[in-house]
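See structure below.
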Amino acid sequence: MPATGDSVTEVLADLEQRFPGMRFRMIDEQHRIRRHIRLFVNTTEVTALSQPVGNGDTVHLICALSGG
Numbered sequence: 008m009p010a011t012g013d014s015v016t017e018v019l020a021d022l023e024q025r026f027p028g029m030r031f032r033m034i035d036e037q038h039r040i041r042r043h044i045r046l047f048v049n050t051t052e053v054t055a056l057s058q059p060v061g062n063g064d065t066v067h068l069i070c071a072l073s074g075g
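Written out as structure tokens, the structure is:
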């Protein structure tokens, strides 16, 4: 889905406006990416929320699943 922002933080803030509570499920209280979440800008894994996002970039939000 389209989202706007110049960084991963701004993209997540844009998504949070439309889907309240989404950010909390991915980012903890210390503003770190939760262990079961992987974020990518294009094909590069994001390690810092300040990662720049350019016009036309794709941000992938991946949730690891496990169970038995």
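Residue numbers (our numbering): 8 to 75.
Every residue, glycine too, gets a C-beta built ideally from N, C-alpha and C.
For clarity, every value in this text was computed on a predicted model and none was experimentally measured.
Asked                                                                            : Found
Residue ranges of each beta strand (DSSP E) within the region 14-72, 3 or longer : 44-48, 66-70
Residue 34 versus 47, 19, 48, 24, residue with shortest Cα-Cα distance           : 19
Distance CB(residue 70)-CB(residue 44) smaller than 7 Å                          : yes
Cβ-based burial, residue 72 [other Cβ within 10 Å; buried from 16]               : exposed
Through-space distance from residue 74 to residue 61, alpha-carbon basis         : 36 Å
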